[in-house]
Every structure is written in structure tokens, then in C-alpha cells.
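Residue numbers (the numbering used here): 121 to 565.
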């Protein structure tokens, strides 16, 4: 419901409850339809490495659909618009699986359908997620925002962990494409249910009115905000690192070490566990360190994940030793920790660095910039670097040759991404972060 006044404490609590249910159910949905499953589907359909690596970049290329979210919010309000796009997102998830209808005799058409489904999936997500920050901002006060974001994120990953049990059971029962297709179908149904909770969140009319205003009317004020401009650049670097490291981590496990779909999902589950724990800890972390230092830590975590895959020894997923299995779990745990700290810190900083009336416009600018810079650059880099590293087909079969190619890919990533840490470092601390630092400094004396 849309109110022409600030939300009351009870209305804010009701909104947070509905957001909590949305995040919990959506977590169960995402584990069935998200990036890891899309990569597994693409591998099953015989898509080349360049295509599977490009799936991760579609998260940001899909930001080209951001204006649709703003237009819909201006007409129906932020919550209903976000819920509608979340429902549409799940329809596109089924398109990825439908690529199997073309069969092995049409590899180009199969790959094109997979990428079209991934683009629609992430594009619909982008049109909805651009409104998520302003919705949370309406439902929380400044003092509770970090803790609420952490709880919502934890519920999302708790839903993922719960859904993962079902996914692992399905893949254990049948190592087939049909099992993967069934997983996606269940995830899409859960996603439709989650969208209903999201569409019922309370909001103020300020969000709808802000969406109705031309973006150009706010751009001058947003452009004058030096802290926000540095934040945008840092977010582009953070998301570029995530999109180049995360999908490739699943690919190297699958095509480098020869893991089955079940093994890939099982080891990737440690990322979900890490993200769940990290979200529960976000409140204390945000109060202790602030979002700027969280962003720096998450970027370094992404670089450490790339280094991890470079130094990891050769092995076979057919019969991995206990030590090797533990290392794989540790690698994905590191990746999940870095990703959730990044997401929570970006959301926290984005909501706090601009005035409430500018949140929809600022969110649009931020996600558009990440889509244009991170998405397009990431799409090009992922495809080119993976093609160069593959060296003319060296990744056709799991083993030492494939692992050497993927180590080359991650080594090139480290060389390219390491200098970009300076842009994350230059993020200006929020006023509360300065107070935290001064308080800690005086406490030491």
C-alpha cells in the first residue's frame, strides 16, 4: 500500500516482515534458477566456455532494462513494480532450459537461446532490484538499516541453503538434464510466490513521485555528490571482479576438475553457507567497520579467490581426497563471504549517501553505470580471456591441460583487477563511519 505520509512504526515492521518472507522464499527460488544452475545447464547443452562465462556478465548487461523499472514504479509504485518484474524473471529462467528443444544439431541457436534467457532473467531482475534499495530505505530508519539489511540477506541465504537440500537430492536421484529442468521449474514456481510478498510491501508516495520525475531533474544534484560518484566507480570495480571470478569458479570445478552436477552444487553450497553467516553478522560488522571498509575487504576477497584457483593443485573430482575436498569447500566459502559482504556494503552505502527523495534516481544511475561499465567490459573480458586461456580447445576434457588453461585465465584476471583496488579505496567514509573511527581511536587512548 502507498501512503502520502511517512510510514508508522507498525507499517515499517509489517514491511520488514513481508520483505523477510520475500527474501526467504526467493532464496529457495534462486538456488534453483540462478547463475550456478544456468552454468550447469549451459554445460549440459554443450555451450562453449565463452558462452558459459558470459552468463555471469548478463547480470550487468541486463541493467539495460533498468528504465523499465522506473517507468513501472511511476505508474504502480515501487513494490508492485518490483513484484511484477520478479515474476517475469522466472518466466525467462524457463527459456534457458527450453534451449534444449533445439537439440545438438543447432549449437548456435542453443547458445543464443541460453544467452537470451539469461539476459531476460537478469534484465527483469535489474528492473526490479533497482527499486529494492528505496523500498528498504522507506521501511527502515538510519539506526537499524545495517542490521535489517543483514537479516534480510541472511534469510535469503537461509532459503538458499534450504532449497539446496532439495536440489542436491534431485541431482543425486538423477544425474540427467531432466533433473536440472525440474529444478528450474520448481525454482520458477517459488519465485512467483516470492514476488507476491514483495508486491505487498508498504511504501510512501515519495518513491512513486520520485520515479515520475525526469532523471535529468535530479542528475545535477546527484552529479554534485562527490561521495556518490566515487561510490559508483567502486561499485563498477567490485561487480566486475565478481562477474569475472564467480562463474569461472564453477566452470573450473566442472570442466577443469571434472565434477558432476551434484558435486558442483555441493561444493558451491559452501558459498551459500558463508553468505548466510556473513549476513547475520552484517549488523555488527557494519557498526564496527562501516560499509567502505567492508567493500575494500570484499574486493580483496575476490582477488584472493582468483589466487586460490591458481595455486590449487591438480586432482580429479571422480575420487578427491579429503584434503582436496576441504580446499574446494574453503575456496567457495571465501567466494561466498566476499560476495555477501560486497552486496550488503553496496546496499548500505547506496541508501545512506543520498537524500530519500533522490534514492530512486540515484539507484537508477548506480545500476545503469554498473550495467554499462561492469556489464559490457565484463562481457568482453570474460569471453576474450576465456578464449585466450583455452588455447584452441585445451579445455575440451577435464585434466591437467584444462586446469592449466583456467589458471592462465585467473592469472590474467589478477593482473587486470589488482590495480582497480585503488578505486574502492577512494570511497569516502559515511559520516557514521567517521564517528566509528574516531570513537575507536579515542577508545584506544
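Positions of the beta carbon are idealized from the N, C-alpha and C atoms, including for glycine.
Open item on the list: Output needed for residue 321: all residues of its chain with C-beta closer than 8 angstroms, excluding positions within five of it in sequence on either side, in chain order.
Closed with: The residue labelled residue 321 in the question sits at position 201 within the chain shown. Closer than 8 angstroms at Cβ, skipping near neighbours: 135, 138, 139, 142, 199, 255, 259.
Task: Distance between beta carbons of residue 207 and residue 507, contact taken as under 8 angstroms - done: To locate residue 507, count along the chain shown from 1; it is residue 387. To locate residue 207, count along the chain shown from 1; it is residue 87. Between residue 207 and residue 507 the Cβ distance is about 36 angstroms, and since that is not below 8 angstroms, they are no contact.
Task: Spatial distance of residue 145 from residue 202 (CA atoms) - done: Position 25 of the chain shown, counting from 1, holds the residue named residue 145. Position 82 of the chain shown, counting from 1, holds the residue named residue 202. Approximately 15 angstroms between the Cα atoms of the pair.
- [ ] Go ahead and label residue 559 buried or exposed: buried means 16 or more other beta carbons lie within 10 angstroms of its beta carbon, across all protein chains shown.
- [x] Looking up residue 559 in the chain shown gives position 439. Its pLDDT being 47, under 50, residue 559 is placed unreliably by the model, and nothing is read from it.
Task: DSSP three-state assignment for residue 342, whether helix, strand or coil - done: Position 222 of the chain shown, counted from the start, is the residue given in the question as residue 342. Note: residue 342 maps to helix in three-state DSSP.
TODO: Using alpha carbons as the reference points, say which of 239, 373, 167 lies closest to residue 224.
DONE: On the chain shown, residue 224 is found 104 positions in, with the first residue counted as 1. Residue 224 has its Cα closest to that of 167, out of 239, 373, 167.
Task: Spatially closest choice to residue 301 from 217, 415, 471, 282, by CA coordinates - done: Taking the first residue of the chain shown as 1, we reach residue 301 at position 181. It is 217.
Task: Buried or exposed by the 16-neighbour rule on C-beta atoms within 10 Å, applied to residue 546 - done: Looking up residue 546 in the chain shown gives position 426. By the neighbour-count rule (16 or more Cβ atoms within 10 Å), residue 546 is not buried but exposed.
TODO: Check residue 414 in the structure and name its three-state DSSP category.
DONE: Position 294 of the chain shown, counting from 1, holds the residue named residue 414. If DSSP states are grouped into helix, strand and coil, residue 414 belongs with the helices.
Open item on the list: Taking the alpha carbon of residue 497 as the reference point, which residue from 476, 360, 462 has its own alpha carbon closest?
Closed with: Along the chain shown, read from residue 1 onward, the residue named residue 497 stands at position 377. Selected option, being the one with the closest Cα: 360.
TODO: Output the distance between the C-alpha atoms of residue 424 and residue 536, rounded to the nearest integer angstrom.
DONE: Position 304 of the chain shown, counted from the first residue, corresponds to residue 424. Position 416 of the chain shown, counted from the first residue, corresponds to residue 536. Taking the straight line from one Cα to the other gives about 14 angstroms.
Open item on the list: Looking at the secondary structure, which residues open and close the alpha helix (DSSP H) in which residue 306 lies?
Closed with: Taking the chain shown and counting its residues from 1, the one referred to as residue 306 is at position 186. Its alpha helix (DSSP H) spans residues 297-319.
Open item on the list: So the candidates are 124, 327, 235, 390; which of them puts its Cα closest to the Cα of residue 159?
Closed with: For the purposes of this step, residue 159 is identified with residue 39 of the chain shown, where counting begins at 1. Of the listed residues, the one whose Cα sits closest to residue 159 is 235.
Task: Residue of 310, 193, 468 minimising C-alpha distance to residue 576 - done: The question about residue 576 has no answer, for the chain in this structure spans 121 to 565.
- [ ] Pick helix, strand or coil for residue 122, following the three-state DSSP scheme.
- [x] Here the question's residue 122 lines up with position 2 in the chain shown. Residue 122: strand per DSSP, three-state reduction.
Open item on the list: For residue 332, report the span of its alpha helix (DSSP H) as first-last.
Closed with: As a first step, residue 332 must be located in the chain shown, where it is residue number 212. Note, residue 332: alpha helix (DSSP H), 325-332.
Open item on the list: In whole angstroms, give me the CA-to-CA distance for residue 500 and residue 121.
Closed with: Translated into positions along the chain shown, residue 500 becomes position 380. Translated into positions along the chain shown, residue 121 becomes position 1. In a straight line, the C-alpha of residue 500 is about 42 angstroms away from that of residue 121.
- [ ] Identify, in the order they occur along the chain, each residue of the same chain with its Cβ nearer than 6 angstroms to the Cβ of residue 389, setting aside the five sequence neighbours on each side.
- [x] Position 269 of the chain shown, counting from 1, holds the residue named residue 389. Counting only Cβ-Cβ distances below 6 angstroms, and skipping sequence neighbours, we find 284.
- [ ] Name the residue from 548, 129, 125, 153 whose alpha carbon lies nearest to the alpha carbon of residue 354.
- [x] To locate residue 354, count along the chain shown from 1; it is residue 234. Of the candidates 548, 129, 125, 153, the one whose C-alpha sits nearest the C-alpha of residue 354 is 548.
- [ ] Could you tell me the boundaries of the alpha helix (DSSP H) in which residue 505 lies?
- [x] If you number the chain shown from 1, residue 505 lands on position 385. Unbroken alpha helix (DSSP H) run through residue 505: 496-510.
Open item on the list: Check whether the region 470-483 and the region 239-257 are in contact - that is, three or more C-beta pairs closer than 8 angstroms.
Closed with: yes
TODO: Have a look at 534, 527, 539 and flag the residue whose alpha-carbon is nearest the alpha-carbon of residue 371.
DONE: Counted from its first residue, the chain shown places residue 371 at position 251. Checking every option, the nearest Cα to that of residue 371 belongs to 527.
Task: Closest residue to residue 448 among 464, 430, 459, 504 (Cα-Cα distance) - done: Residue mapping note: residue 448 aligns to position 328 of the chain shown, counting from 1. Nearest of 464, 430, 459, 504 to residue 448, Cα basis: 430.
Task: Cβ pair residue 369, residue 452 closer than 8 angstroms - done: Sequence index remark: in the chain shown, residue 369 carries index 249 (1-based). Sequence index remark: in the chain shown, residue 452 carries index 332 (1-based). Yes, the pair counts as a contact, with Cβ atoms nearer than the cut-off.
Task: Cβ pair count under 8 angstroms reaching 3, the region 338-347 against the region 269-281 - done: no
Task: Bounding residues of the alpha helix (DSSP H) (the contiguous stretch that carries residue 152) - done: For the purposes of this step, residue 152 is taken as residue 32 along the chain shown, with counting starting at 1. Per DSSP, residue 152 belongs to the alpha helix (DSSP H) from 129-153.
- [ ] Keeping to the same chain, check which residues put their C-beta closer than 6 angstroms to that of residue 551; ignore five residues upstream and five downstream.
- [x] On the chain shown, residue 551 is found 431 positions in, with the first residue counted as 1. Result list for residue 551: empty, nothing under 6 angstroms.
Task: Beta carbon of residue 304 nearer than 8 angstroms to that of residue 151 - done: Within the chain shown, the letter at position 184 stands for residue 304. Within the chain shown, the letter at position 31 stands for residue 151. The answer is no: Cβ separation not under 8 angstroms.
TODO: Give the straight-line distance between the Cα atoms of residue 326 and residue 125, rounded to the nearest whole angstrom.
DONE: Your numbering for residue 326 matches position 206 in the chain shown. Your numbering for residue 125 matches position 5 in the chain shown. One C-alpha to the other measures close to 8 angstroms.
Task: Residue burial classification, residue 564 (beta-carbon count within 10 angstroms, cutoff 16) - done: Residue numbering aside, residue 564 sits at position 444 when the chain shown is read from its first letter. Unreliable positioning characterises residue 564 in this predicted model, as indicated by a pLDDT of 41, which lies under 50. The coordinate reading is nonetheless provided below. By the 10 Å Cβ count, residue 564 comes out exposed.
Task: Contact check, residue 299 vs residue 309, beta carbons under 8 angstroms - done: In the chain shown, residue 299 corresponds to position 179, counting from 1. In the chain shown, residue 309 corresponds to position 189, counting from 1. It is not a contact, given that the beta carbons lie outside the stated cut-off.
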